[in-house]
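Q: Structure provided below as structure tokens; questions to follow.
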Amino acid sequence: MRAIVCTRYGPPEVLRLADVRKPAPKDDEVLVRVRATTVSAADCEIRRFDFAPWIWLPLRLALGVFRPRRRVLGQEFAGDVEGVGSAVTSFAPGDRVFGTTGLGLGAHAEYVCVREDPATGAMAPMPAGVDYAEAAAIPYGGGEALGFLRKAGVGGGQRILVNGAGGSFGTFAVQLAKILGAHVTAVDGAGKLEMLRGLGADVVVDYAREDVTARHETWDVIFDIVRGTRSDRMVRRLAESGWLVMANPGFMQMARAWSASRGTRKRWSIAGVGGTKEDLVYLAGLVEDGRLHAVIDRRYPLEQMAEAHRYAETGAKLGNIVVTVA
Ligand SMILES: NC(=O)c1ccc[n+]([C@@H]2O[C@H](COP(=O)([O-])OP(=O)(O)OC[C@H]3O[C@@H](n4cnc5c(N)ncnc54)[C@H](OP(=O)(O)O)[C@@H]3O)[C@@H](O)[C@H]2O)c1
């Protein structure tokens with residue numbers, strides 16, 4: 020089968036199209052014919068191996084010390100079940116599915132094997148009425164955003180700030196927070212603000228023109244997707260008992276959040292518990308009802324994977340980048 024292989028950590032040029040052995044499903048695995056996949060910020064971080072020092076070692080051990088252990092990267096997919104292992108009961112050949120492989124990776128290929136109940140990632144029937152491209156762009160950003168919002172208990176009438184709202188995570192966080200009944204302030208670059216208004220954000224802020232933490236306002240939940248922000252300033256802008264959830268914090272961000280929240284009822288967290296099969300089924304329902312959609316900026320064919328990575332790293336990306344697999 021055709022796949023994009025990554026044999027060393029580095030710039031987009033380390034990626035190349037190759038013929039590799041088609042995987043065969045184990046007893047508890049489903050063989051998926053991938054029709055669409057994505058390139059996310061996390062895919063680029065894995066390719067470059069660019070992680071905060073506190074998670075550098077555990078991730079290096081998990082992903083490969085000297086070179087990537089899983090040569091085929093990619094976490095999101097939508098496609099058709101082509102075969103199932105003997106112990107699989109909830110999927111059958113011909114099913115249209117979407118999901119994430121988590122740190123198992125492997126989605127940047129024509130076929131991927133996914134455990135019926137994976138340790139990381141999840142898989143569920145694809146929402147009706149959308150194509151493979153849109154379905155592929157939902158599980159990672161949608162699942163993780165849902166997990167973070169649930170962890171922080173986002174609900175009706177709450178005020179939520181999403182910092183870094185224009186990417187994969189943020190575009191889903193804004194939509195889901197609105198669906199949950201929150202008032203949403205979305206922060207990102209000027210070129211993304213109109214799109215964020217279109218997703219339902221009540222207030223949009225251009226981070227190049229204004230430091231939102233200097234506002235005399237408080238939020239019940241601050242969802243910070245940006246690496247390197249001043250988390251102590253974010254904590255100060257939290258309402259009493261508010262939550263700061265950080266998607267990608269460095270050590271100093273965590274230390275500042277800890278220090279600024281000490282002795283208060285404000286809380287902070289670095290991880291959600293999203294992206295389960297139940298989450299994907301819930302997200303699929305919202306998509307089918309027309310209440311949620313994936314923002315897709317560009318689509319590339321599999322052969323142009325390196326180009327897709329380059330674009331993902333420009334910062335211009337609106338929402339998601341989809342890679343179609345013919
Ligand atoms: N903890 C977890 O469980 C978990 C799970 C999944 C992913 N993650 C991590 O979450 C991170 C974000 O993921 P993503 O896919 O949503 O990334 P993304 O698509 O790149 O979105 C990030 C957004 O933040 C904007 N931004 C950059 N600097 C900013 C600033 N100073 N203020 C406000 N906005 C700013 C970016 O715009 P510009 O670049 O144009 O400025 C971009 O629109 C990744 O690092 C990923 O590894 C964490």
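Our numbering puts the first residue of the sequence shown at 20, with every later residue one more than the last.
By construction, the Cβ of each residue, glycine as well, lies at the ideal position given by its N, Cα and C atoms.
No experiment lies behind these values; they were computed from the predicted model shown.
1) Between residue 58 and residue 31, what straight-line distance do the alpha-carbon atoms span, to the nearest angstrom?
2) With a threshold of 8 Å, establish whether the CB of residue 188 neighbours any heavy atom of ligand 1.
3) Quick check on residue 340: does DSSP put it in helix, strand or coil?
4) Is the segment 92-103 close to the segment 124-133, with three or more CB pairs under 8 Å?
5) So what does residue 144 bridge to, in DSSP terms?
6) Would residue 271 be called buried (16 or more neighbouring beta carbons within 10 Å of its own) or exposed?
7) Comparing alpha-carbon positions, which option in 275, 245 and 286 lies nearest residue 259?
8) Which first and last residues belong to the beta strand (DSSP E) in which residue 254 is found?
9) DSSP state of residue 244, grouped into three classes?
10) At a cut-off of 8 Å, would you count residue 246 as near ligand 1, judging by its Cβ distance to the nearest heavy atom?
11) Hey, residue 180 and residue 231: beta-carbon distance below 9 Å or not?
12) So is residue 312 buried or exposed if we call it buried at 16+ other beta carbons inside 10 Å?
13) Less than 8 Å between the CB of residue 289 and some heavy atom of ligand 1, yes or no?
A: With the structure as the only source:
1) Counting from one through the sequence shown, the residue named residue 58 turns up at place 39. Counting from one through the sequence shown, the residue named residue 31 turns up at place 12. Each residue's Cα considered, the two are about 11 Å apart.
2) Mapped onto the sequence shown, residue 188 falls at position 169. Yes, ligand 1 has a heavy atom inside 8 Å of this Cβ.
3) Position 321 of the sequence shown, counted from the first residue, corresponds to residue 340. Residue 340: strand per DSSP, three-state reduction.
4) yes
5) Taking the first residue of the sequence shown as position 1, residue 144 is located at position 125. Looking at the DSSP assignment, residue 144 forms a beta bridge with 116.
6) On the sequence shown, position 252 is the one that residue 271 refers to. Answer is exposed; the Cβ neighbour count stays below 16.
7) Position 240 of the sequence shown, counting from 1, holds the residue named residue 259. Among 275, 245 and 286, the Cα nearest to that of residue 259 belongs to 286.
8) The sequence position of residue 254 within the sequence shown is 235, counting from 1. Note, residue 254: premise wrong, no beta strand (DSSP E); alpha helix (DSSP H) at 250-255.
9) Here residue 244 refers to the residue found at position 225 of the sequence shown. Here residue 244 sits in coil by DSSP.
10) Along the sequence shown, one-based indexing puts residue 246 at 227. For ligand 1, at least one heavy atom lies less than 8 Å from the Cβ of residue 246.
11) Along the sequence shown, one-based indexing puts residue 180 at 161. Along the sequence shown, one-based indexing puts residue 231 at 212. Yes.
12) By 1-based counting over the sequence shown, the position of residue 312 is 293. That one is buried.
13) Along the sequence shown, one-based indexing puts residue 289 at 270. Yes, Cβ of residue 289 sits closer than 8 Å to a heavy atom of ligand 1.
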